[in-house]
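Student: These protein sequence lines are chains A and B, in that order. All residue numbers for the first sequence refer to this note's numbering, where the first residue is 3 and numbers rise by one. All residue numbers for the second sequence refer to this note's numbering, where the first residue is 84 and numbers rise by one.
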Amino acid sequence: MNQTLEIRWHGRGGQGAKTAALLLADVAFKTGKYVQGFPEYGPERMGAPITAYNRISNNVIRVHSNIYTPDLVVVVDETLLDAVNVTAGLKENGSIIVNTDKDKEEILPKLKGYKGNVYTVDARKISVDALGKYFPNSPMLAAAVAVSKVMDKDTFINEMRASYQHKFAKKPEVIDGNMKALTMTFEALGL
Amino acid sequence: MARKDRMSGNEATAYAIRQVNPDVMPAFPITPSTEIPQMVSNYIANGQMDTEFIPVESEHSSMSATIGAQAAGARSLTATSSAGLALMWEELLLAASNRMPCVLTLVNRTLSGPININCDHTDGMGARDTGWIQIYAENNQEAYDNFIMAYPIAENKEVRLPVMVCQDGFITSHAVENIELLEDEQVKNFVGEYEPEEYLLNPGKPIAVGPYAISNYVMEARKAQEMALEKSKEVILQVAADFEKMAGRHYGLFEEYRCEDADYIMMIMGSAAGTAKEAVDALREQGKKVGILKLRVFRPFPAKEIAMALKNCKAAAIMDRCESYNTNGGPLASEVNAALFRNKVMIETVNYVYGLGGRDFTVNHVFDVFNELEQLIENGIEPEQYQYIGLRK
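(1) Shorter than 9 Å from the beta carbon of Lys27 (chain A) to some beta carbon of chain B?
(2) Between B:Gly196, B:Cys249, B:Thr96 and B:Asp203, which lies nearest to Trp215 (chain B) when the distance is taken from Cα to Cα?
(3) Below 8 Å between beta carbons is the criterion; list the residues of the stretch 357-377 of chain B that meet it against any residue of chain A, in chain order.
(4) Pull out every residue of the stretch 430-453 of chain B whose Cβ sits closer than 7 Å to any Cβ of chain A, in chain order.
(5) Kindly indicate which three-state DSSP category Tyr116 (chain A) falls into: helix, strand or coil?
(6) In this structure, how does DSSP classify Tyr98 (chain B) when only helix, strand and coil are distinguished?
(7) I need the straight-line Cα distance from Met181 (chain A) to Asp105 (chain A), nearest angstrom please.
(8) Below 6 Å CB to CB, which residues in the same chain sit around Ala95 (chain B) once its five sequence neighbours on both sides are set aside?
(9) Who are the Cβ neighbours of Ala50 (chain A) in its own chain at under 6 Å, not counting the five residues just before and after it?
(10) Decide if the stretch 159-178 of chain A is in contact with the stretch 188-206 of chain B; the criterion is three or more beta carbon pairs, one per stretch, under 8 Å apart.
(11) Can you name, in chain order, every residue of its own chain whose Cβ lies under 7 Å from the Cβ of Val322 (chain B), other than the five neighbours on each side?
(12) Considering only residues of the same chain and omitting the five flanking positions on each side of Glu135 (chain B), which have a CB-CB separation below 6 Å?
(13) Going by DSSP, what residue range makes up the alpha helix (DSSP H) through Asn272 (chain B)?
(14) Run down chain A in chain order and give the residues with a C-beta less than 7 Å from the C-beta of Asn261 (chain B).
(15) For a test of the three-state rule: what should DSSP assign to Tyr166 (chain A), helix, strand or coil?
(16) In or out: Tyr437 (chain B) buried (at least 16 other Cβ within 10 Å) or exposed?
(17) Let's test the definition: count the other Cβ atoms within 10 Å of the Cβ of Met391 (chain B) and tell me whether it reaches 16, buried, or not, exposed.
(18) Using a beta-carbon distance below 9 Å, is Met3 (chain A) in contact with chain B?
(19) Give, in chain order, every residue of the stretch 177-200 of chain B whose Cβ lies closer than 7 Å to some Cβ of chain A.
(20) Between the stretch 352-359 of chain B and the stretch 55-75 of chain A, can you find at least three pairs of beta-carbon atoms closer than 8 Å?
(21) How far does the alpha helix (DSSP H) with Leu415 (chain B) in it extend, from its first residue to its last?
(22) Using three-state DSSP, classify Lys32 (chain A) as helix, strand or coil.
(23) Using beta carbons (cut-off 9 Å, strictly below), is Arg1 (chain A) in contact with chain B?
(24) Tell me which residue opens and which closes the beta strand (DSSP E) that Glu397 (chain B) is part of.
(25) Label Asn160 (chain A) either buried or exposed according to how many other C-beta atoms from any shown protein chain fall within 10 Å of its C-beta, with 16 as the threshold for buried.
(26) Whose Cβ in chain A lies nearer than 7 Å to the Cβ of His257 (chain B)?
(27) Does the beta carbon of Ala330 (chain B) come closer than 9 Å to any beta carbon on chain A?
(28) From this set, A:Val62, A:Gln38, A:Gln17 and A:Val37, which residue's C-alpha is nearest Arg47 (chain A)'s C-alpha?
(29) Could you check the C-alpha separation between Ala99 (chain B) and Asn395 (chain B) for me, to the nearest Å?
(30) With 9 Å as the threshold, decide whether the Cβ of Leu92 (chain A) is near any Cβ in chain B.
(31) Quick one: list the residues of chain A neighbouring Arg89 (chain B), beta-carbon separation under 7 Å, in chain order.
(32) Sort B:Leu439, B:Leu459, B:Phe444 and B:Leu474 by Cα distance to Arg192 (chain B) and report the nearest one.
(33) Considering only C-alpha positions, which residue in the set B:Val139, B:Leu176 and B:Asp251 is nearest to Ser116 (chain B)?
(34) If we require 3 or more residues per run, which beta strand (DSSP E) segments fall completely within the stretch 282-347 of chain B?
(35) In three-state terms, what does DSSP make of Lys104 (chain A)?
(36) In or out: Phe424 (chain B) buried (at least 16 other Cβ within 10 Å) or exposed?
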């Protein structure tokens, strides 16, 4: 990876898009990368559209601006497709991942003719099956790693187990469910 | 041994505060610096440091309590942003004029109006004439390093002035990036114990702090303060040299990035300097002789040093993340232009105001600025001398 991988996250306040971006920075750091994970703050409140960003590189990252030509866009909330121009600046040879129970053909008309790779992930189903609750950020994080190939699956899974064990030290009962959500996402994407 | 980690600018600052373990921290929360006292409180609650944390009811009180604690003989600090700093206005001058070597970590945010929580340097620039030393950071690493250097500068017996350690709100305060941390023991040894010569809680040597001065003394007191600030330049460089021996990272009053043969130099502060360096590397690949002068120490203002650093370029862009309302230029440009004139360095300068209220500043903006400088020199096309970047008209 000679270039910097740039990722833009679209979510709604409270869904964990910022947390997912920070977790991705965290796990990429552990594999020896230079990382940035940062949110763009507007009038934040539950449900309002929010944006978060990642830069991941083998070289020191010095740029401190938002990302306008991402390699990957992750849409954590499908309703944003009607509210935000999620493919703005997205590279033609890049990818977009949408959290939806619809398949790719149903989503495409909302992507303004985007010609790159389009992936759909039913994060609600995965999350409810794995965790019993709807937390889209673990499946969407796994999808971002699977699609961007920023690290291989086994490395990711191992690092995430360590992260969750640390993060949920006082709630160990949610670790297995989150781990399951990660692997189910890889399987669902066939990656 | 240095330890590689990743954290946000606020986390890095809180981590440095834990390592320094000052005696007293009064604080009142305000976005985007709130996490700093919050994280310090956690460290204290977890028994990882023993700083006395004082939750106060306003920033007027947090700075007052910081001064009070410092005057009593305790190493003290507070954290704030924006309106919080504005509310401290009177106390900022008191801290400096009473020669209190306390530290304030400022997470730069604009001031109303319109009300906005994002970064620009309006708060810091508003405090530029309060007598504090001001040091600005490009990223989380510099925010961390600058905090560790703050007390050795402030407490130096020839300085004894408060230090404001500044970083850009959200852009660095809330961005997780790689960082190299020092060991607790290294930081502890570097900063050392605070041993004030004179302090209120010393019954053997009673003193008064902040007494009335009749007209016959005020000018002498001000001059002494001004001389200490002038002297601090040397101390800042000495502390940086000591820090480099320990940490291997070099700091000066400013950083010259690819300036050695540069025809065009952009002078800039804070997080945008990293973005500007990226642009400079791209332009250098096209054969353009461009460089960045990143100002680290805004107070004391290294006027002569800046003039000397710019004297061989053809044109300089002075970048202000603040509107000063003097209708003639931003605060940085006004001072740089004065420095150039006083030192008889007659180069072209153009003043740009950028990034107000968190408006994004990009690599492309830097390209545009250098292009204007080149057009000015090569083709005589005069740009607007004082202009806003990315302004919708």
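For every residue, glycine included, the Cβ atom is placed at its ideal position computed from N, Cα and C. From a predicted model like this one, the values you see are computed outputs, not experimental measurements.
Tutor: In short:
(1) In the first sequence, residue 27 (chain A) corresponds to position 25, counting from 1. Checking the sequence shown, residue 27 (chain A) turns out to be Ala, not Lys. Chain B, which has a Cβ nearer than 9 Å to the Cβ of Ala27 (chain A), makes this yes.
(2) Within the second sequence, numbered from 1, the residue matching residue 215 (chain B) stands at position 132. Ranking the options by Cα distance to Trp215 (chain B), first place goes to B:Cys249.
(3) Gly357, Thr358, Lys360 and Glu361
(4) Asp443, Phe444, Thr445 and Val446
(5) Position 114 of the first sequence, counted from the start, is the residue given in the question as residue 116 (chain A). Assignment of Tyr116 (chain A) by DSSP, reduced to helix, strand and coil, places it in the coil class.
(6) By one-based count along the second sequence, residue 98 (chain B) stands at place 15. DSSP places Tyr98 (chain B) in helix when its eight states are reduced to three.
(7) For the purposes of this step, residue 181 (chain A) is taken as the residue at position 179 of the first sequence. For the purposes of this step, residue 105 (chain A) is taken as the residue at position 103 of the first sequence. So the alpha carbons of these two residues sit roughly 24 Å apart.
(8) Here residue 95 (chain B) corresponds to residue number 12 of the second sequence, with the count starting at 1. Asn223, Ala226, Tyr227 and Ile262, listed in sequence order.
(9) Taking the first sequence and counting its residues from 1, the one referred to as residue 50 (chain A) is at position 48. Only Gly15 meet the Cβ criterion.
(10) no
(11) Reading the second sequence from its first residue, position 239 is the one you call residue 322 (chain B). Taken in chain order, the residues that qualify are Met232, Pro235 and Ile236.
(12) Numbered from its first residue, the second sequence carries residue 135 (chain B) at position 52. Closer than 6 Å at the Cβ level, and outside the excluded window around Glu135 (chain B), lie Val107.
(13) Taking the first residue of the second sequence as 1, we reach residue 272 (chain B) at position 189. Where Asn272 (chain B) is concerned, the enclosing alpha helix (DSSP H) stretches over Asp267 to Val274.
(14) Counting from 1 along the second sequence, the entry for residue 261 (chain B) is found at position 178. Near Asn261 (chain B) (Cβ distances below 7 Å), the residues of chain A are Phe31, Tyr36 and Val37.
(15) Taking the first sequence and counting its residues from 1, one reaches residue 166 (chain A) at position 164. The answer is helix: DSSP assigns Tyr166 (chain A) an H, G or I state.
(16) Along the second sequence, one-based indexing puts residue 437 (chain B) at 354. It is buried - the Cβ of Tyr437 (chain B) has at least 16 other Cβ atoms within 10 Å.
(17) In the second sequence, counting from the first residue as 1, residue 391 (chain B) sits at position 308. Exposed: under 16 other Cβ atoms inside 10 Å.
(18) Along the first sequence, one-based indexing puts residue 3 (chain A) at 1. Below a pLDDT of 50, predicted positions are generally treated as unreliable, and Met3 (chain A), at 46, falls in that range; no measurement from the model is reported.
(19) Ile200
(20) yes
(21) The sequence position of residue 415 (chain B) within the second sequence is 332, counting from 1. It spans Pro414 to Arg425 - the alpha helix (DSSP H) in which Leu415 (chain B) sits, taken as one unbroken run.
(22) As a first step, residue 32 (chain A) is located in the first sequence; it is residue number 30 there, counting from the start. Under the three-state reduction of DSSP, Lys32 (chain A) is assigned to helix.
(23) No answer is possible for residue 1 (chain A): the residues shown for chain A start at 3 and end at 193.
(24) Residue 397 (chain B) sits at position 314 when you count from the first residue of the second sequence. Reading the sequence as shown, one finds Lys at residue 397 (chain B) and not Glu. From DSSP, Lys397 (chain B) is part of no beta strand (DSSP E); its letter is neither H nor E.
(25) Residue 160 (chain A) sits at position 158 when you count from the first residue of the first sequence. Classification of Asn160 (chain A): exposed, given that the 10 Å Cβ count is below 16.
(26) Within the second sequence, numbered from 1, the residue matching residue 257 (chain B) stands at position 174. The answer, in chain order, is Phe40 and Pro41.
(27) Taking the first residue of the second sequence as 1, we reach residue 330 (chain B) at position 247. Chain A contact via Cβ: absent.
(28) For the purposes of this step, residue 47 (chain A) is identified with residue 45 of the first sequence, where counting begins at 1. Among A:Val62, A:Gln38, A:Gln17 and A:Val37, the Cα nearest to that of Arg47 (chain A) is on A:Gln17.
(29) Within the second sequence, numbered from 1, the residue matching residue 99 (chain B) stands at position 16. Within the second sequence, numbered from 1, the residue matching residue 395 (chain B) stands at position 312. Cα to Cα, the separation comes out at about 39 Å.
(30) Taking the first residue of the first sequence as position 1, residue 92 (chain A) is located at position 90. Not closer than 9 Å to any Cβ of chain B, the Cβ of Leu92 (chain A) fails to qualify, so no.
(31) Your numbering for residue 89 (chain B) matches position 6 in the second sequence. Against chain A, the beta carbon of Arg89 (chain B) has neighbours under 7 Å at Ala27, Asp28, Phe31 and Val37, listed in chain order.
(32) On the second sequence, position 109 is the one that residue 192 (chain B) refers to. Minimum Cα distance to Arg192 (chain B) is reached at B:Leu439.
(33) Locating residue 116 (chain B) in the second sequence gives position 33, where the first residue counts as 1. Nearest C-alpha to Ser116 (chain B): B:Asp251.
(34) Within the stretch 282-347 of chain B, the complete beta strand (DSSP E) runs of at least 3 residues fall at 337-340.
(35) Within the first sequence, residue 104 (chain A) is the residue found at index 102, counting from 1. Reduced to three states, the DSSP call for Lys104 (chain A) is coil.
(36) Residue numbering aside, residue 424 (chain B) sits at position 341 when the second sequence is read from its first letter. Classification of Phe424 (chain B): exposed, given that the 10 Å Cβ count is below 16.
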